[in-house]
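Each residue of the sequence shown is one higher than the one before, starting from 0 at the first, in numbering that gives the first Met the number 0. Here a beta-carbon is modelled for each residue, glycine too, at the ideal position from N, C-alpha and C. Have a look at the structure below, then the notes.
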Amino acid sequence: MIFDSHAHYDDAAFDNDRDDLICRLFNTDVCGIINVGCNIQTSKASVNLARRYPLIWAAVGVHPQEVDSVPPDYLDILSSFLAEEKVIAIGEIGLDYHYDETSRETQKAKFEEQVKLAKTLDVPVIIHDRDAHTDTIEILKKYAPKGVVHCFSGSVEMANEVVNLGMYVGLGGVVTFKNAKNPVLVAKSVPLDRILLETDCPYLAPEPNRGSRCDSSMIKFTADKIALERGISVEELLRGAKENALRLFSKISVK
Ligand code: NI
0 MIFDSHAHYD DAAFDNDRDD LICRLFNTDV CGIINVGCNI QTSKASVNLA RRYPLIWAAV
60 GVHPQEVDSV PPDYLDILSS FLAEEKVIAI GEIGLDYHYD ETSRETQKAK FEEQVKLAKT
120 LDVPVIIHDR DAHTDTIEIL KKYAPKGVVH CFSGSVEMAN EVVNLGMYVG LGGVVTFKNA
180 KNPVLVAKSV PLDRILLETD CPYLAPEPNR GSRCDSSMIK FTADKIALER GISVEELLRG
240 AKENALRLFS KISVK
């Protein structure tokens, strides 16, 4: 019943046991995974994982901190990836003002180019927004793509704006962290039909595994916490989040 809408199984953290781990996940509770690219190389790796594993799908895109090193024809490369049936979204793309290494103007330009490509190809976007809420919302309002703001870190008000734009809110392990106040408020307020669950693994393992290597099975801890806060069963939450993912990423089919 677990659908992980955001994972990075191409990461070197999985080099020693990737095959075993992924097979084990699909033999237990996990019914589907979207592996998300951050640059051309990891996008290509996502495509390869989707080719190899029936229950993995790929998103391809250039992350805001990677925009300085993209080749000039990167949009053509992303388009060619998206021609494959199991490549289902553009992501992760967006804005990251946490570190000042990459110019904000370059980030915005590349973000807009990729959102425009998603509109042209009619595919959803997976948005990364770190400390850049105002500019992120401005660009999403301008283009109104379908998609999800992953690992959502904004306020309840911003979550409402995302929902009003017709988009989804991605919730992950952060909601289980002891100091998580705002993420919990958001997790309680977003309509059930707009929640996606995710890991961002190998990062952001939920409590009680915080700090260790994360994998998709750990979504159960995140789901437990959100279901408890919302006063619903964990089954209802997992089922709802899976249905939402299949509605948004409509090229995906799982049982
Ligand atoms: Ni990610």
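For residue i, is the beta carbon positioned less than 6 Å from some heavy atom of ligand 1?
i: residue 199; result: yes
i: residue 91; result: yes
Drop a sphere of 10 angstroms on the beta-carbon of residue i, count the other beta-carbons inside from all chains shown, and report buried for 16 or more, exposed for fewer.
i: residue 144; result: buried
i: residue 41; result: buried
i: residue 336; result: The question about residue 336 has no answer, for the chain in this structure spans 0 to 254.
i: residue 198; result: buried
i: residue 150; result: buried
i: residue 205; result: buried
i: residue 66; result: buried
i: residue 9; result: buried
i: residue 82; result: exposed
i: residue 22; result: exposed
i: residue 255; result: Given a span of 0 to 254 for the chain in the structure shown, any question on residue 255 remains unanswerable.
i: residue 122; result: buried
Within 7 Å (strictly less), CB to CB, does residue i reach chain C?
i: residue 26; result: This model lacks chain C altogether; it includes just one protein chain.
Can you round the beta-carbon distance between residue i and residue j to whole angstroms, since I take them to be within the 8 Å contact cut?
i: residue 39; j: residue 5; result: Wrong, their Cβ atoms sit about 19 Å apart, outside the cutoff.
i: residue 138; j: residue 114; result: 7 Å
i: residue 253; j: residue 195; result: Actually they do not touch by this definition, with Cβ atoms about 14 Å apart.
i: residue 110; j: residue 175; result: Rounded, the Cβ-Cβ distance is 29 Å, inconsistent with contact.
i: residue 36; j: residue 60; result: 6 Å
i: residue 249; j: residue 1; result: The Cβ separation is near 20 Å, so there is no contact.
Exercise. For the 8 Å Cβ check, are there 3 or more pairs between the region 12-23 and the region 230-249?
Worked result: no
For this session: Output the residue ranges of the alpha helix (DSSP H) runs that lie fully inside the region 68-117 and measure 4 residues or longer, sorted by chain position.
Result: 73-81
For this session: For the region 90-102 and the region 72-82, state whether three or more C-beta atom pairs, one from each stretch, are separated by less than 8 Å.
Result: no
Exercise. Can at least three beta-carbon pairs, one atom from the region 158-165 and one from the region 207-214, be found at a separation below 8 Å?
Worked result: no
For this session: Write down every uninterrupted run of the beta strand (DSSP E) in the region 162-188 whose length is 3 residues or greater and which is fully enclosed by it, in chain order.
Result: 167-170
For this session: Starting from the N-terminal side, write out each stretch of the beta strand (DSSP E) that is 3 residues or longer and does not extend beyond the region 123-155.
Result: 124-129, 146-148
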